[in-house]
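In the working numbering, the protein residues as written are 526 to 746.
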């Protein structure tokens with residue numbers, strides 16, 4: 526009497542154990558598919574699995590625990606899917622433009638929704654603009670060349686080149702070119718051209734000219 530359910534097709538009361546109606550022969554499984562039958566299926570909650578003494582309680586506790594873990598996993602996967610749809614995207618664009626005899630202009634721009642790229646944009650822009658663009662070759666043509674005296678200091682995070690170029694007045698007369706595996710330096714003095722090749726592949730972090738001495742700092746981090 527109490528273990529009966531009603532057929533949704535004909536309205537007759539039938540046993541809970543039936544998977545179809547004995548009166549109208551309509552399958553009853555679909556009518557109860559929205560129920561949660563646990564890890565073992567429809568009969569999961571009807572009675573515990575019978576095992577030898579001592580194993581019965583242990584096995585059923587394990588099954589219930591696994592059922593809980595599967596539900597937590599499904600919930601976690603659903604959250605991960607939601608996070609994937611909100612993945613932050615972005616990048617950094619570097620463009621170089623030239624116009625006539627004017628020196629090339631380097632622009633560094635970040636885009637997207639990642640705040641850290643804005644900070645990185647400033648760092649890259651500083652390094653990009655720290656490289657002195659080459660002077661016109663006409664300024665050096667016909668002038669005698671001389672390799673300058675150079676001192677090298679190696680620190681924990683950088684390499685410092687001190688290049689003596691007496692007669693060089695300002696950075697307007699200096700050309701620093703970052704090549705693939707070396708750095709080429711040319712400097713115009715009154716009666717000569719200083720020429721130096723540094724056989725090292727490190728980025729230029731800073732430079733300055735003072736009293737005929739060019740100090741070049743390379744990032745060794």
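Positions of the beta carbon are idealized from the N, C-alpha and C atoms, including for glycine.
With distances taken between CA atoms, residue 707 lies nearest to 728 out of 736, 728, 737. Residue pairing by DSSP places residue 711 opposite 700, 720 in a beta bridge. In the DSSP annotation of this structure, the continuous segment of the beta strand (DSSP E) that includes residue 529 starts and ends at 529-531. Under the DSSP assignment, residue 686 falls in the beta strand (DSSP E) whose first and last residues are 683-689. In the structure shown, residue 727 adopts coil according to DSSP, grouped into three states. Under the DSSP assignment, residue 739 falls in the beta strand (DSSP E) whose first and last residues are 738-744.
In the DSSP secondary-structure assignment, residue 671 is bridged to 719.
Residue 695 and residue 734 do touch by the CB rule: their CB atoms are close to 7 Å apart, below 8 Å. The beta carbon of residue 547 sits closer than 7 Å to the beta carbons of 539 from its chain, once the five residues preceding and following it are set aside; these are given in chain order. With respect to the 7 Å criterion, residue 673 and residue 717 are not classified as neighbours on the basis of their beta carbons. Taken through DSSP and simplified to helix, strand or coil, residue 540 comes out as strand. Ranked by how close their Cα comes to the Cα of residue 691, the residues 549, 719, 536, 745 have 719 in first place. Each of 705, 730, 731 was checked against the Cα of residue 722, and the nearest Cα belongs to 705. Residue pairing by DSSP places residue 735 opposite 738 in a beta bridge.
Counting of Cβ neighbours within 10 angstroms places residue 711 among the buried residues, the total reaching 16 or more.
In this structure, residue 739 sits near residue 688, with a CB-CB distance shorter than 7 Å.
When only Cα atoms are considered, residue 715 and residue 742 end up about 26 Å apart. Shown here, residue 676 sits in a strand according to DSSP, grouped into three states. Taken atom to atom, the span from the alpha-carbon of residue 693 to that of residue 700 is near 12 Å.
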